[in-house]
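Take 1 as the starting number for the sequence shown in full-length UniProt numbering and just add one per residue.
Note that CB positions come from ideal geometry on N, CA and C, so glycine has one too.
Okay, structure first, notes after.
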Amino acid sequence: MADETILILLLSDSNLPTGSFVASSGLESFLKHGFGFVPSPSPIPLPVASGTPSNDSGTIGGVNHSHPIPPTTTSISKAEAITTFIRDSLSTYAPSALPFVSDAHYVVSALQSSGGGKEAASRTLELLKELDALYEAMTLNHVARRASKAQGVALLSLYSKGFSRPPGLGLHFSPPAANGNANASEGGIDDATDADTRMATLVDAFKLAVRRGDTDAHGHLPVCWGVLCAALGLSLARTQHLHLYLHARSLLSAAVRLNTIGPYAAQQILLHVGGALVDAQLGKCARLRTGVLIAEVSNSSTDGGAGTNEKQERGWDETTDGPATTWPLGEILAARHDLQHSRIFNS
1 MADETILILL
11 LSDSNLPTGS
21 FVASSGLESF
31 LKHGFGFVPS
41 PSPIPLPVAS
51 GTPSNDSGTI
61 GGVNHSHPIP
71 PTTTSISKAE
81 AITTFIRDSL
91 STYAPSALPF
101 VSDAHYVVSA
111 LQSSGGGKEA
121 ASRTLELLKE
131 LDALYEAMTL
141 NHVARRASKA
151 QGVALLSLYS
161 KGFSRPPGLG
171 LHFSPPAANG
181 NANASEGGID
191 DATDADTRMA
201 TLVDAFKLAV
211 RRGDTDAHGH
221 LPVCWGVLCA
231 ALGLSLARTQ
241 HLHLYLHARS
251 LLSAAVRLNT
261 IGPYAAQQIL
271 LHVGGALVDA
281 QLGKCARLRT
291 GVLIAEVSNS
301 STDGGAGTNE
311 KQERGWDETT
321 DGPATTWPLG
331 EILAARHDLQ
341 HSRIFNS
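This is the structure in structure tokens:
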């Protein structure tokens, strides 16, 4: 099991082939529709030369100037506008996505820790499909669905091709057992290899179901992120936090490429504001769950742990504890992404 620090550094690498580079999560459409700039406090009045004839209707020299020149924007107001968009985007993405991240992480972690057999793995796969189908139904526009699927499948491929352990790699560099017992060390290697094989088999089966076009398998980003992080052994708290952080960072990256703010301003926002925005939403939404796992009984001892924690799910209320979307304007503008005459991103 890799150290969590190493995993976080790997997963937060901007060069990771996840497909997030081509997604703006609605920011491009938001800006193109004119919502991206905060106006100056007061408009600039149109200067009128002395002696120029005018009338009460605002016509000066034959031209109607009843409205002043539109207010200007500054680099500061652009940064504020981007920060506001990040806040609003996080406020709707966190409650809609984190429940799926959490539940997907739970079912995969349960399988990994229990060492369940084929029956448990099959049940885990069915639960992942059920989560995926629910997220498909809750994603309100085709643009968001398209981007989510593209990035989700990329994460599954990343695990299979980039993070799974190739046969024999690293075995000669494994540290010796603490008590010097070579057999104990070999046993630890065998256990790790078995766990890696079990996770690789599950991820490959899920990816195959998505590629095959199974009815309930779509490969959405939150579900696949939970699967990836659980398979790598990253804790749920770290998984949730990193997911929201990367969402905020991708928005700032898109803002820079749209030439709305500069790279230095993006780093300032991420350092001084982004972390606080992420933490605020994490505090509100970390406990949310989808409700898919409620029907599962806490039967880890009998079926390999494909169920859920009954105590955790007791008293679950869909209204207060379930996923939700909270920003209708963002959804509408994101759905109009494909109507732009020219566009850089696919969402």
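Scanning its chain for C-beta atoms nearer than 8 Å, with the 5 sequence neighbours on each side dropped, one finds around Leu251 the residues Ser24, Ser25, Leu27, Ile82, Phe85, Ile86 and Ser89, in chain order. In the DSSP assignment, Trp327 falls outside any alpha helix (DSSP H), carrying neither H nor E. For Trp225, the enclosing alpha helix (DSSP H) has its first and last residue at Leu221 to Leu232. For Phe30, the enclosing alpha helix (DSSP H) begins and ends at Leu27 to Lys32.
Bounds of any alpha helix (DSSP H) do not take in Asp338, whose DSSP letter is neither H nor E.
Under the three-state reduction of DSSP output, Thr18 falls in the coil class, being neither helix nor strand. Annotation: the continuous alpha helix (DSSP H) that includes Pro263 extends over Pro263 to Ile269.
Within the same chain, Cβ atoms closer than 7 Å to the Cβ of Pro263 are found at Val256, the five residues on either side in sequence being excluded. Put simply, of Arg212, Val203, Ala276 and Asn15 the residue whose alpha carbon is nearest the alpha carbon of Ala230 is Val203.
By the criterion of a C-beta distance shorter than 7 Å, Glu331 is surrounded in its chain by Leu140, Asn141 and Thr325, once the five residues flanking it on both sides are discounted. Contact between Phe100 and Pro328 does not hold, since their C-beta atoms are separated by about 20 Å, which reaches or exceeds 8 Å. Here the alpha carbon of Lys32 sits roughly 10 Å from the alpha carbon of Arg336. Contact check for His220 against Asp279 fails: the beta carbons are separated by 7 Å or more.
The beta carbon of Leu333 sits closer than 8 Å to those of Gly26, Ser29, Phe30, His33 and Phe35, all from its chain and outside the five residues before and after it, given in chain order. Counting of Cβ neighbours within 10 angstroms places Ser160 among the exposed residues, the total staying below 16. If you draw a straight line from the Cα of Gly162 to the Cα of Arg287, it is about 31 Å long. For Lys129, the enclosing alpha helix (DSSP H) begins and ends at Lys118 to Met138.
Rounded to whole angstroms, the gap between the alpha carbons of Ala266 and Ser253 is 7 Å.
Ser102 is classed as buried because its beta carbon has at least 16 other beta carbons within 10 Å across all chains shown. Per DSSP, the continuous alpha helix (DSSP H) segment holding Ser157 begins and ends at His142 to Leu158.
In the DSSP assignment, Ser253 falls within the unbroken alpha helix (DSSP H) covering Leu236 to Arg257. Here Ile269 really is in contact with Ala79; their C-beta atoms are around 6 Å apart, less than 8 Å.
Note on Lys149: 16 or more other CB atoms within 10 angstroms of its CB, so buried under the neighbour-count rule. One Cα belongs to Gln340, the other to Gln151, and the distance between them is close to 22 Å.
Taken through DSSP and simplified to helix, strand or coil, Ala280 comes out as helix. If you draw a straight line from the Cα of Leu16 to the Cα of Glu318, it comes to about 35 Å. Boundaries of the alpha helix (DSSP H) around Leu7: Glu4 to Leu11. At least 7 Å separates the beta-carbon of Ala237 from that of Gly274.
In summary, His272 is exposed, with fewer than 16 beta-carbon neighbours lying within 10 Å of its beta-carbon over all protein chains present.
A straight line joining the alpha-carbon of Ala147 with that of Val210 spans about 15 Å. Of the candidates Ser12, Ser20, Val107 and Ser113, the residue whose Cα lies closest to the Cα of Gly291 is Val107. Around the Cβ of Ile6, a 10 Å sphere holds fewer than 16 other Cβ atoms; the residue is exposed. By the neighbour-count criterion, in which 16 or more other beta carbons inside 10 Å mark a residue as buried, Lys118 falls on the exposed side.
For Asp216, the three-state secondary structure derived from DSSP is coil.
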